[in-house]
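According to numbering that gives the first Met the number 0, the sequence shown holds residues 0 to 252 in order. Every residue gets a Cβ at the ideal spot worked out from N, C-alpha and C, and that includes glycine. One structure is given below, encoded as structure tokens.
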Amino acid sequence: METRKHPPVPSFPRACVGTFRNKHGIKKIRFKGTTTDNADGGQYRGDMAIDYVLVTTDKIVTSDHWQKTESEDGLYYGPGNVGIGDKQPKADLSILGNLSKPLTGHVGITKGSNKVIGVGIRFTRELTVGDSIRIGDKVFVVNGISDETELTLNAAHPLGALNATAYTDGDLLSVQTGAEVESLVINRFGNVGVGAAKPAVRLDVAGGIRVGAETVCDAGREGTIRYNDAGDEIEFCDGGAWAGWRGRRGSRV
């Protein structure tokens with residue numbers, strides 16, 4: 000009598016069961032396996048598909064579907080967007096200043112007053128009108144700066160504060176090299192510094208800038224600059240056409 004061998008059952012990775020801190024569903028997971036113990040030297044392949052897996056949290060999910068990270072560091076996440084200091088970010092990445100930069104010296108303010116007096120302070124050098132300032136647990140906007148030691152807020156302080164440290168917005172984004180050298184900075188004014196630790200203008204680059212060969216010039220791109228490969232010169236968009244720089248061409252190094 001002939002004994003017929005049946006192919007072995009394909010082996011699959013073991014499923015892992017645990018607690019996941021995620022409230023989103025995961026669709027179409029597929030496990031694939033290949034037998035390796037066939038005595039005839041052949042291999043059989045097989046797979047198993049799961050159409051839908053729902054992973055639930057171990058706590059109640061808020062109705063707005065936004066959660067704060069467990070570190071309580073002001074980082075929020077939700078469906079597709081991340082907010083730093085912003086509880087409900089509308090963009091992929093939304094950064095709200097965290098008022099973490101302490102001012103020099105100390106300040107005092109009377110309850111019900113909007114006048115701040117500082118000791119050992121430098122208001123005119125560390126703040127400008129329109130800046131945010133936190134005194135205690137309350138946040139205000141600088142309405143006016145009289146001198147180094149006196150300023151006014153946009154509203155009265157409901158509690159008052161004595162000998163307190165005031166805070167303003169620090170850099171919104173800071174990227175450093177391994178040697179702790181600033182390579183990219185976005186400060187509280189929105190100025191971008193590339194290799195410049197304290198950008199004073201909208202774009203401050205410590206080094207050369209390479210400009211490519213842009214082609215489109217229209218009203219929305221007025222003021223754009225490009226490099227013309229054919230003419231070997233820098234051109235700018237005047238809102239309708241590309242034009243060369245006016246003036247004497249400098250020496251070529």
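Length of the line joining the Cα atoms of residue i and residue j
{"i": "Asn21", "j": "Pro78", "result": "Only weak support exists for where Asn21 lies, its pLDDT of 48 falling under 50; the value from the coordinates is given anyway. For Asn21 and Pro78, the distance between alpha carbons rounds to 11 Å."}
{"i": "Gly84", "j": "Asp168", "result": "12 Å"}
{"i": "Ser161", "j": "Val106", "result": "With the sequence shown as reference, residue 161 is identified as Leu, and Ser is not the correct amino acid for it. For Leu161 and Val106, the distance between alpha carbons rounds to 7 Å."}
{"i": "Ala90", "j": "Asn80", "result": "6 Å"}
{"i": "Ala199", "j": "Leu92", "result": "24 Å"}
{"i": "Gly192", "j": "Ser182", "result": "8 Å"}
{"i": "Ala196", "j": "Ala240", "result": "36 Å"}
{"i": "Val184", "j": "Ala218", "result": "30 Å"}
{"i": "Ala205", "j": "Gly194", "result": "5 Å"}
{"i": "Ala163", "j": "Asn227", "result": "57 Å"}
{"i": "Ala178", "j": "Leu98", "result": "26 Å"}
Beta-carbon proximity of residue i to residue j, cut-off 8 Å
{"i": "Asn113", "j": "Val128", "result": "no"}
{"i": "Ile108", "j": "His156", "result": "yes"}
{"i": "Asn153", "j": "Val140", "result": "yes"}
{"i": "Val210", "j": "Ile233", "result": "yes"}
{"i": "Arg201", "j": "Asn190", "result": "yes"}
Residue i classed as buried or exposed, judged by whether at least 16 other C-beta atoms fall within 10 angstroms
{"i": "Val174", "result": "exposed"}
{"i": "Asp170", "result": "buried"}
{"i": "Arg220", "result": "exposed"}
{"i": "Ala212", "result": "exposed"}
{"i": "Leu102", "result": "buried"}
{"i": "Gly230", "result": "exposed"}
{"i": "Gly82", "result": "buried"}
Member of the options whose CA lies at the smallest distance from the CA of residue i
{"i": "Ile134", "options": "Thr123, Ser145, Thr151", "result": "Thr151"}
{"i": "Ile120", "options": "Ile94, Val140, Thr148", "result": "Thr148"}
{"i": "Leu95", "options": "Arg124, Ser131, Lys110, Glu125", "result": "Ser131"}
{"i": "Ala165", "options": "Cys236, Glu125, Arg225, Ile224", "result": "Glu125"}
{"i": "Asp237", "options": "Lys110, Gly230, Asp136, Thr223", "result": "Thr223"}
Cross-strand partners of residue i (DSSP beta bridge)
{"i": "Val115", "result": "Leu150"}
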